[in-house]
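Participant: I am attaching a structure below and will ask some questions about it afterwards.
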Amino acid sequence: MEAKRFILASFLCLLISVSTAEDPYRFFNWRVTYGNIWPMGVKQQGILINGQFPGPQVEAVTNDNLIINVYNGLSEPFLISWNGLLQRKNSWEDGVAGTNCPIPPRRNFTYILQVKDQIGSYFYFPSLAFHKAAGGFGGIRILSRPRIPVPFPPPAGDFTLLVGDWYKANHNSLKWMLDNGKNLPSPDGLLMNGRGWNGNTFTVEQGKTYRFRISNVGLMNCINIRFQGHIMKLVEVEGSHTVQTSYAALDICLGQTYSVLVMANQPPRDYYIVASTRFSRPTLTTTSILHYKNSWSKPIGAPPGGPTIQVAWGLNQARSIRWNLTASGPRPNPQGSYHYGMIKPVRTIRLANSAPIINGKQRYAVNSVSFVQADTPLKLADYFKIQGVFSLGSIPDNPTFGGGYLGTPVMAANFRDYVEIIFENYEDSVQSWHIDGYSFWVVGMDGGQWRSSSRNSYNLRDAVSRCTVQVYPKSWTAIYMPLDNVGMWNIRSENWARQYLGQQFYLRVFSPANSLRDEYPIPKNALLCGRASGRRTRPL
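Mind the numbering: the sequence shown is residues -21 to -1, 1 to 519 in mature numbering (1 follows the signal peptide of the UniProt record, and there is no 0), read in order.
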């Protein structure tokens, strides 16, 4: 019966997607269950996809259509979100609580996605409750079409490395702590691809070059990655080819993904691949093995150390990451042909994170508003014009520096506006921000308080375009972003405790045209819940 439902859903997907019929379709059938895992030598209840932890990899080519049928075998509602997939004109498939109803237990939902005009490295993850602390995440690769040049020779191998901090405690126990106003303790360790110390082996041949796509899928900490005795050449960041700068150690903050090339040019033996936490005490470390084929020599010496709490080191490295202006993106025109620095923003939005105590409990906020989920997904409430779920303009464009308060903030924005957003961090911890449905240019970052004169230091020529950016302690980060994607989009902290306790809001990018040119219609298989239950979709 489940297979028949999947085939029927897939057929409906094909019927409603005739406008992109020339692009290939890739079908995935996922079953989400609980299962026993031992990532740190202790039995835990993990979230598995098709029995795997981490979940299966998604591989696609630019413009492919992805039909992903997800069956929820858990005893609680579940959603998957797509960290970095732009989902042009299609926030209906974003997979967060503000846009989608959860998949009920023993039910399925088929995501209909198109990786339109995208390349690069991303990941998916469970977005509800504190499920991310139990697994359910996996890698995404979007390859360039065969005739589109890539600015480096094809590597001999392509590896995904999902790295993140991890708790031995059950995810429901962690959620209980947060619900009761308690701070989470420090994580118990780091995992690479779901395993602890020396848990993974990547086999290489001497003289060949390999690509590693490294994602920080953790909950709280930036990480630093090193390959013992080898240099990493950065080639891609979240869909943007970069200037090919070499690094011995590379910071990757929460929610970020980097692609590096590593040449196997050392004497044949085993070498450590090392990940350690940044800006935290104590420092957590884990390793994998880079194994030279036909060699049985173990690593020599201790795993190489890296930076720990040095903010200036990280800031300087982040500034060194630049866009490759001569490389093609998903299309043959060079990335640098879009002169983002020559466009004047029509609006400046300043966003400050804070950690207020509200009603005696720890909360987190943006511009003093701490997000509370509504009883109906905001996208559905907007579509059906349901009053009282949210109000536009319920979050200010500038920090108030006042006491925190609860709300369901939605910021109104106009389609095709060009905006400047400044993330301001007055706290002592590193922040990591993600914007669903968008890529943006990271034009500046520095310590201290942002002022209008800070624009004099902006990089208006070759700033990298990405979807997740860090903000260092007592610092600011500025981005430019064209509002070219209609929909209801989540802007959130990638620190998952902060996101869960309110450090997020939604950006409603509106087009009055109500046209298929600007936004796809509500999917035929859309789940309806809350005050949208029992309603019928209306034609455009």
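Glycine included, each C-beta is placed from N, C-alpha and C at the ideal position.
(1) Rounded to whole angstroms, what is the Cα-Cα separation between Gly386 and Gln428?
(2) Counting pairs of Cβ atoms below 8 Å between the stretch 14 to 29 and the stretch 103 to 113, do you hit three or more?
(3) Taking only the alpha-carbon atoms, compute the straight-line gap between residue 522 and Val325 and give it to the nearest angstrom.
(4) Relative to the alpha-carbon of Val183, which residue among Ala243, Arg126 and Gln207 has its alpha-carbon at the smallest distance?
(5) Cutting at 8 Å between CB atoms, please list the residues of its own chain near Ser276, excluding the five before and the five after it.
(6) Taking the alpha-carbon of Val488 as reference, which of Cys446, Ile59 and Ser70 has the nearest alpha-carbon?
(7) For Phe363, which of helix, strand or coil comes out of DSSP?
(8) Hey, how far is the Cα of Val450 from the Cα of Tyr103?
(9) Are the Cβ atoms of Val49 and Thr89 separated by less than 9 Å?
(10) Thinking Gly168 and Gly175 are a contact (beta carbons under 8 Å), I'd like their distance in whole angstroms, please.
(11) Can you give me the start and stop residues for the beta strand (DSSP E) that Lys212 sits inside?
(12) For the putative contact between Thr180 and His270, defined by C-beta atoms under 8 Å, what is the C-beta separation to the nearest angstrom?
(13) Locate the alpha helix (DSSP H) running through Gly293, then write down its first and last residues.
(14) Output the distance between the C-alpha atoms of Phe109 and Asp158, rounded to the nearest integer angstrom.
(15) Give every residue of the same chain whose Cβ lies closer than 8 Å to the Cβ of Ser238, excluding the five residues on either side of it in the sequence, and list them in chain order.
(16) Quick test of your reading: Arg514 and Leu507, contact by CB under 8 Å. State the CB separation rounded to the nearest angstrom.
(17) So, for Asp2: in the same chain, excluding its five sequence neighbours on each side, which residues have a beta-carbon less than 8 Å away from its beta-carbon?
(18) The beta strand (DSSP E) with Asp249 in it runs from where to where?
(19) Is it buried or exposed, Asp407, if we count other Cβ atoms within 10 angstroms and call 16 or more buried?
(20) Using only the alpha-carbon positions, how far apart do Gln235 and Arg445 sit?
(21) Quick one: Cα of Asn474 to Cα of Val196, how far?
(22) Might you give, ordered along the chain, the residues of its own chain that have their beta carbon closer than 6 Å to the beta carbon of Thr78, omitting 5 neighbours on each side?
(23) Answer with buried or exposed for His413, where buried requires no fewer than 16 other C-beta atoms within 10 angstroms of its C-beta.
(24) Might you give, ordered along the chain, the residues of its own chain that have their beta carbon closer than 6 Å to the beta carbon of His220, omitting 5 neighbours on each side?
(25) Which stretch, first to last residue, makes up the alpha helix (DSSP H) that contains Met156?
(26) Just how far apart, CA to CA, sit Asp396 and Tyr459?
(27) Tell me whether Lys161 is buried or exposed, calling it buried when 16 or more other Cβ atoms sit within 10 Å of its Cβ.
(28) Our contact map puts Phe350 next to Gln483 with C-beta atoms below 8 Å; I'd like the distance itself, whole angstroms only.
(29) Determine the direct distance from the alpha carbon of Gln341 to that of Leu480, and round the result to whole angstroms.
Facilitator: This is what the structure holds:
(1) Using only the alpha carbons, I get a separation of about 27 Å.
(2) Yes, since at least three Cβ pairs between the stretch 14 to 29 and the stretch 103 to 113 fall closer than 8 Å, the two stretches touch.
(3) Coverage of the chain is limited to positions -21 through 519, which leaves residue 522 absent and any answer about it impossible.
(4) The closest CA to that of Val183, considering only Ala243, Arg126 and Gln207, is found on Ala243.
(5) Excluding residues within five positions, the ones whose Cβ falls inside 8 Å are Pro247, Arg248 and Asp249.
(6) Among Cys446, Ile59 and Ser70, the Cα nearest to that of Val488 is on Ser70.
(7) Helix, per DSSP.
(8) Spanning the alpha carbons of Val450 and Tyr103 requires a straight line of approximately 23 Å.
(9) Yes.
(10) Going by Cβ atoms, the distance from Gly168 to Gly175 rounds to 6 Å, so yes, they are a contact pair.
(11) Here the beta strand (DSSP E) through Lys212 covers Met211 to Val216.
(12) Confirmed, Cβ separation roughly 5 Å.
(13) Annotation for Gly293: the continuous alpha helix (DSSP H) segment containing it runs Val290 to Ser299.
(14) It is roughly 11 Å from the alpha-carbon of Phe109 to the alpha-carbon of Asp158.
(15) Within the same chain, and ignoring the five residues on either side of Ser238 in sequence, the residues whose Cβ sits closer than 8 Å to its Cβ are Gly99, Ser100, Arg190, Phe191, Arg192, Ile193, Leu213, Val214, Glu215 and Val216.
(16) About 6 Å separates the CB atoms of Arg514 and Leu507; that is less than 8 Å, so the two are in contact.
(17) Taken in chain order, the residues that qualify are Asn42, Asp43, Asn44 and Gln93.
(18) From DSSP, the beta strand (DSSP E) with Asp249 extends over Asp249 to Arg257.
(19) Residue environment: Asp407 is assigned as exposed (fewer than 16 neighbouring CB atoms within 10 Å of its CB, all protein chains considered).
(20) Cα atoms of Gln235 and Arg445: separation of roughly 9 Å, rounded to the nearest angstrom.
(21) Straight-line spacing of the CA atoms in Asn474 and Val196 works out to 10 Å.
(22) Result list for Thr78: Ser70, Pro356, Lys358 and Met467, in chain order.
(23) The C-beta of His413 has 16 or more other C-beta atoms within 10 Å across all chains shown, which makes the residue buried.
(24) Excluding positions up to five away in sequence, the list reads Pro130, Asn303 and Ala306.
(25) Counted as a single uninterrupted DSSP element, the alpha helix (DSSP H) harbouring Met156 occupies residues His150 to Asp158.
(26) Here the alpha carbon of Asp396 sits roughly 11 Å from the alpha carbon of Tyr459.
(27) Lys161 is exposed by the Cβ-count criterion.
(28) Confirmed, about 5 Å.
(29) Take the alpha-carbon of Leu480 and the one of Gln341: they are about 8 Å apart.
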